[in-house]
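Visitor: Residue numbers (the numbering used here): 137 to 251.
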Amino acid sequence: MNIYVGNLSFDTTEDQLRQAFESYGEVSSVNIIKDRYTGEPRGFAFVEMSDRDAATEAINGLNGQDMNGRTLSVNEARPRADRGDRGGGGGRGGGGGRGGGGGRGGGGGQGRRSW
Numbered sequence: 137m138n139i140y141v142g143n144l145s146f147d148t149t150e151d152q153l154r155q156a157f158e159s160y161g162e163v164s165s166v167n168i169i170k171d172r173y174t175g176e177p178r179g180f181a182f183v184e185m186s187d188r189d190a191a192t193e194a195i196n197g198l199n200g201q202d203m204n205g206r207t208l209s210v211n212e213a214r215p216r217a218d219r220g221d222r223g224g225g226g227g228r229g230g231g232g233g234r235g236g237g238g239g240r241g242g243g244g245g246q247g248r249r250s251w
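(1) Hey, would you say E138 sits closer than 9 angstroms to F182, going by beta carbons?
(2) Within this structure, are the beta carbons of F157 and E176 separated by less than 9 angstroms?
(3) Tell me which same chain residues have a C-beta within less than 6 angstroms of the C-beta of A96, skipping the five on either side of it?
(4) Of all the options D171, G200, T174, which has the alpha carbon lying nearest to the alpha carbon of V141?
(5) If you reduce the DSSP assignment to three classes, tell me which class E150 lands in.
(6) How would you write the range of the alpha helix (DSSP H) that R188 sits in, first residue to last?
(7) Between M185 and A194, how many whole angstroms is the CB-CB distance? I'm expecting something under 8 angstroms.
(8) In this structure, how does DSSP classify R206 when only helix, strand and coil are distinguished?
(9) Out of R172, T149, R178, Y173, state which residue places its alpha-carbon closest to the alpha-carbon of V166.
(10) Does the CB of R154 have a neighbour CB from chain D at under 9 angstroms?
(11) In terms of alpha-carbon separation, which member of G205, L144, R178 lies closest to K170?
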């Protein structure tokens with residue numbers, strides 16, 4: 137089972153997370169998510185445990201617990217498609233508006249921008 141661990145201190149290490157979860161069962165992997173540009177931790181991680189019962193016990197035992205001065209938010213990770221309506225994309229069509237390029241559909245290949 138893949139487990140989401142949120143509200144992590146930026147000082148928390150993968151070893152610390154692994155130790156906390158291993159008290160409930162075997163940990164397959166620990167992945168602290170980092171900013172792709174700065175390399176700094178983003179404050180959340182994913183822990184994979186192969187035994188579903190052990191993972192459920194870990195969620196129940198660690199959710200709301202303190203680690204490095206932060207109260208952990210621990211629950212079963214949801215696939216990206218199931219995370220609810222968070223927007224994420226769409227919005228600005230191509231052409232027109234800022235950056236110019238003319239009316240609808242125009243824009244001389246200026247469609248999406250990477251801000």
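In this text, a Cβ means the ideal position worked out from N, Cα and C, and glycines have one as well.
Guide: Taking the structure as given:
(1) Looking up residue 138 in the sequence shown gives position 2. Looking up residue 182 in the sequence shown gives position 46. Glu is not the amino acid found at residue 138; the sequence shown has Asn there. Going by C-beta atoms, N138 is nearer than 9 angstroms to F182.
(2) Within the sequence shown, numbered from 1, the residue matching residue 157 stands at position 21. Within the sequence shown, numbered from 1, the residue matching residue 176 stands at position 40. No, the pair does not count as a contact, with Cβ atoms beyond the cut-off.
(3) Past the edges of the chain, shown from 137 to 251, lies residue 96, and the structure says nothing about it.
(4) The residue given as residue 141 occupies position 5 in the sequence shown. Ranking the options by Cα distance to V141, first place goes to G200.
(5) For the purposes of this step, residue 150 is identified with residue 14 of the sequence shown, where counting begins at 1. Three-state result, E150: helix.
(6) By one-based count along the sequence shown, residue 188 stands at place 52. 188-198 is the span of the alpha helix (DSSP H), which, as asked, contains R188.
(7) By one-based count along the sequence shown, residue 185 stands at place 49. By one-based count along the sequence shown, residue 194 stands at place 58. Contact flag correct, Cβ pair sits at about 6 angstroms.
(8) Here residue 206 is taken as the residue at index 70 of the sequence shown, counted from 1. Residue state, collapsed to three classes: strand.
(9) Position 30 of the sequence shown, counted from the first residue, corresponds to residue 166. Per the Cα distances, T149.
(10) The displayed structure is made up of one protein chain only, and chain D is not part of it.
(11) Numbered from 1 along the sequence shown, position 34 holds the residue referred to as residue 170. Scanning G205, L144, R178 for the CA closest to the CA of K170 turns up R178.
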